[in-house]
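Engineer: Just so you know, we're using our numbering here: the sequence shown kicks off at 54 and counts up by one.
Where a beta carbon is used, it is the ideal one built from N, C-alpha and C, also for glycine.
Have a look at this one before I ask anything.
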Amino acid sequence: MKKIALFLLISYLFFISATDILAQETEKYITIVNPVRISRYTKTPALSLRNEYSIINKYSLPATWLLTYDALNNKEVVDEVRRMDKYQEIGIFLEITENFAIDSGIEYHNSGSWHHANSVFLSGYTQEERKILIDKVFEKYKEIFGNYPKSIGSWWTDGYSLSYIKEKYGIVANLVCSDQFSTDNYKLWGQPWQVSYYPSKTHPAAPASDIENKLDLINIQWASRDPLNGYNSSLYSTQDYLVAKDIQNINFFKRLLDLYLNTNNLSQITVGLEADLDPSGYAGEFTKQIEVVKEYSDKGVNIVTMSKFYDKYKENYPEISPTSQLKSKDLLGSETESGWYNSSFYRLHYTLDLIKNIIQIKDIRIYNEKLIDPYFVSPNNEFNLSINIPSVIDSVQNPEDAWILPMSSEIITNNNSFVIKGDNIKIPNKIKNNPLVELIISKNEVEIKFKPIIFNSNEGEIVKGFTSEALHFFKTKTSILKLVTGNGWNYFNKIDYLIPQGEIYALSYLKSLPQGKVMVFDNECLQCSWHTENKPIVFANLKNYVKKYSGHPIVYNSSVFETKTIKEAQKEFKKVNAKYFYLVKFEEYKEKLPFSPGDLGIKKVYSNANAEIWEVE
């Protein structure tokens with residue numbers, strides 16, 4: 054009787070557990086997205102597309118095909134698209150080429166390489182130029198297909214362009230590249246980790262925190278990364294795993310699908326291939342991937358287009374994106390586990406090292422409704438893309454940022470804060486001194502809250518200062534005499550200057566670092582142009598704001614930057630006795646190191662679109 058009773062109890066418990074599992078079973082979605090471009094790799098565009106589609110068609114799967122302007126202008130490519138079945142979705146891939154720019158009446162940014170950020174992305178052009186380019190490709194699409202697309206994509210579509218497209222053309226889905234620190238010189242750093250989300254109206258990499266600042270479309274991420282190894286390298290992804298020496302097989306692709314299809318109540322992952330390869334390229338790994346997708350489809354996973362996924366997402370989450378949490382063992386088999394938490398207010402990444410018996414908090418990003426894309430107003434004039442959401446900890450950019458905790462610690466996440474419980478919790482000074490963080494400390498508990506910066510302008514902080522003309526007047530030997538005689542008093546009138554958001558966040562990070570003199574470039578730019586409402590203060594060389602917002606003493610210097618040899622630079626730098634370089638970038642203006650960092654004995658500890666911080670090693 055006892056054995057029977059025990060059996061019944063076990064059966065009952067198993068039934069309850071199974072019921073719970075079934076009740077919590079996720080809605081699972083795979084979205085196949087194939088960007089279609091014509092590049093130097095493309096020998097026969099139509100044949101490449103035909104071979105790629107034949108694999109999709111063989112298994113009767115729906116997919117989204119995003120065509121560039123050049124692809125839309127290729128009759129053979131368009132004919133291939135027209136022959137696709139009704140389950141395929143056609144959209145636009147927003148890459149700028151020379152032909153596209155010329156047809157739009159826009160001067161193409163011929164940077165020497167088609168994929169340089171200032172050439173290929175809309176963010177490299179002015180707002181007016183972006184609108185012209187967007188209208189051109191959308192009208193071209195309508196001319197061919199009779200309507201406007203619901204889905205678009207590019208590796209980066211800036212906040213201004215995305216808002217314009219949404220308002221004018223009503224798109225519902227946008228493909229964006231997943232987080233990567235430096236691949237192809239594109240830094241996309243700080244999005245919610247590998248999940249779809251409603252973006253903010255002003256910053257596509259930040260999730261909307263409320264309905265008012267929500268852009269009503271879904272950001273779908275391309276090439277999902279491994280939650281542990283993919284943080285440091287984009288090779289560990291659904292796209293590039295064959296390049297990584299320690300993987301190179303379809304099993305890793307399956308493990309990524311298994312992981313991301315079981316994370317949230319509504320789970321989604323994007324797979325696909327860029328359709329500008331040689332036709333023979335589609336007979337290999339892409340075929341294996343689609344075969345795997347078909348297997349998952351047969352098991353009940355939903356295969357949907359981008360716009361169909363938006364419909365499902367909005368049905369489940371009509372207001373803002375939900376929080377998401379992911380815990381995973383190392384997909385490559387090491388004794389390290391990883392955790393991710395995403396909310397509309399922050400993202401958190403930590404690892405559990407089972408060998409060293411420690412927890413490391415490796416990434417903390419802060420979102421808020423005031424964040425603005427650095428290229429929202431100002432065009433990007435650099436070859437590189439630099440999207441970097443404000444961070445408290447970023448252990449890829451600066452490995453020393455990692456916060457080490459005992460394995461016995463417990464991390465409890467909330468929507469707008471998190472708590473660390475445990476004994477012997479040591480709080481790094483970088484956390485204590487960071488103005489973006491508020492700490493509530495008790496005996497065995499630390500709560501980390503976030504303090505978003507409130508700017509007095511959408512573009513950043515507006516401060517008063519003398520004009521360049523006034524500063525030059527005050528330096529003249531005759532200025533006192535002129536003032537005594539009643540001339541020159543008009544120079545005392547101050548004007549509004551802009552400190553961009555990117556600089557304020559860079560200086561917040563600098564404030565968290567140990568005390569030391571900060572060397573700033575003693576330089577002004579009288580001929581620099583700008584697209585913001587107010588002139589950037591760096592152009593006037595009024596750099597006392599660096600001291601105000603960083604809390605560090607500053608020293609103006611030009612000698613280090615003007616030296617002709619490494620030895621001269623080293624000598625001059627030693628005289629300054631500075632612990633940090635602070636360099637500013639804004640549109641065409643860029644302050645650069647005079648020689649390599651190794652020559653000066655410094656390392657980069659922070660960078661974004663507007664500033665760099667270098668520290669003496």
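1. Pull up the distance between the alpha-carbon of I499 and that of I493, whole angstroms please.
2. Note down the Cα distance separating S431 from E640, rounded to an integer number of angstroms.
3. Can you give me the start and stop residues for the alpha helix (DSSP H) that K128 sits inside?
4. Is the number of C-beta pairs between the region 435 to 450 and the region 472 to 480 that are closer than 8 angstroms three or more?
5. Is it buried or exposed, P589, if we count other Cβ atoms within 10 angstroms and call 16 or more buried?
6. According to the Cβ coordinates, are Y140 and H162 closer than 9 angstroms?
7. Below 8 angstroms on the Cβ atoms is my guess for E522 versus Y544; work out the distance and round it to an integer in Å.
8. Helix, strand or coil for S216, going by three-state DSSP, please let me know.
9. What are the residues that DSSP puts in a beta bridge with C230?
10. What did DSSP end up calling I74 once you bin it into helix, strand or coil?
11. Whole-angstrom Cβ separation of N152 and D123, contact assumed at under 8 angstroms?
12. What separation, rounded to the nearest whole angstrom, lies between the Cα atoms of K535 and F519?
13. Can you grab the Cα-Cα spacing for the pair Y550 / V86, in whole Å?
14. For R418, count neighbouring Cβ atoms within 10 angstroms of its own Cβ and tell me buried if that reaches 16, exposed if not.
15. Return the CA-CA distance between N266 and T97, expressed in angstroms with no decimal places.
16. Does the Cβ-Cβ distance between A259 and L424 come in under 9 angstroms?
17. For G283, name the three-state secondary structure that DSSP assigns.
18. So, are the CB atoms of A622 and L579 less than 9 angstroms apart?
19. Quick check for students: name the residue ranges of the alpha helix (DSSP H) that lie wholly in the region 353 to 399, counting only runs of 4 or more.
20. Since I believe F146 is in contact with V89 (beta carbons under 8 angstroms), could you give me their beta-carbon distance rounded to a whole number of angstroms?
21. Which two residues bound the contiguous beta strand (DSSP E) that contains F305?
22. Grab me the residues of T150's own chain with a C-beta within less than 6 angstroms of its C-beta, minus the 5 sequence neighbours each way, in chain order.
23. Could you check where the beta strand (DSSP E) with D48 kicks off and where it finishes?
24. Three Cβ pairs or more, each shorter than 8 angstroms: is that satisfied between the region 182 to 200 and the region 230 to 245?
25. Give the C-beta separation of I273 and T121 to the nearest angstrom, bearing in mind that I take them to be a contact with Cβ-Cβ under 8 angstroms.
26. Between E453, K81, F234, which has its C-alpha nearest P481's C-alpha?
27. Within a Cβ cutoff of 6 angstroms, which residues of the same chain sit near F67, ignoring the five residues on either side of it in sequence?
28. With a threshold of 16 other CB atoms inside 10 Å of the CB of G651, please say whether the residue is buried or exposed.
29. Where are the alpha helix (DSSP H) runs, 4 residues long or more, that stay fully inside the region 85 to 156, in chain order?
30. Threshold first: 4 residues or longer. Then list the alpha helix (DSSP H) segments lying entirely within the region 432 to 513, N to C.
31. Closest to M359 by C-alpha separation, out of N597, K219, I322, would be which residue?
32. Look at the Cβ atom of V345, then the Cβ atom of K298, and state whether they are nearer than 9 angstroms.
33. Please list the segments of the beta strand (DSSP E) lying wholly inside the region 592 to 658, counting only runs of 3 or more residues, in order along the chain.
34. Tell me the residue span of the alpha helix (DSSP H) that contains I666.
35. When burial is assigned at 16 or more other CB atoms within 10 Å of the CB, is V613 buried or exposed?
36. For a quick check, are the C-beta atoms of E338 and I300 less than 9 angstroms apart?
Structural biologist: Checking against the coordinates, here is how it stands:
1. Checking the displayed sequence, the identity of residue 499 turns out to be Val instead of Ile. Distance between the alpha carbons of V499 and I493 is about 6 angstroms.
2. 6 angstroms
3. 128 to 135
4. no
5. buried
6. no
7. 7 angstroms
8. helix
9. W275
10. With a pLDDT of 31 at I74, under the threshold of 50, the modelled position of that residue is not reliable, and no figure is offered here.
11. 6 angstroms
12. 18 angstroms
13. 44 angstroms
14. buried
15. 44 angstroms
16. yes
17. helix
18. no
19. 359 to 369
20. 7 angstroms
21. That residue, F305, is in no beta strand (DSSP E); its alpha helix (DSSP H) goes 303 to 313.
22. D123
23. Nothing can be reported for residue 48: it is not among the residues displayed for the chain, which extend from 54 to 670.
24. no
25. I273 to T121, Cβ: 18 angstroms. No contact.
26. E453
27. In this prediction, F67 has a pLDDT of 31, which is less than 50 and means its spatial position is unreliable; nothing more can be read from the coordinates.
28. exposed
29. 98 to 111, 122 to 125, 128 to 135
30. 482 to 485
31. I322
32. no
33. 607 to 610, 633 to 639
34. Careful: I666 lies outside any alpha helix (DSSP H), inside the beta strand (DSSP E) at 664 to 669.
35. buried
36. no
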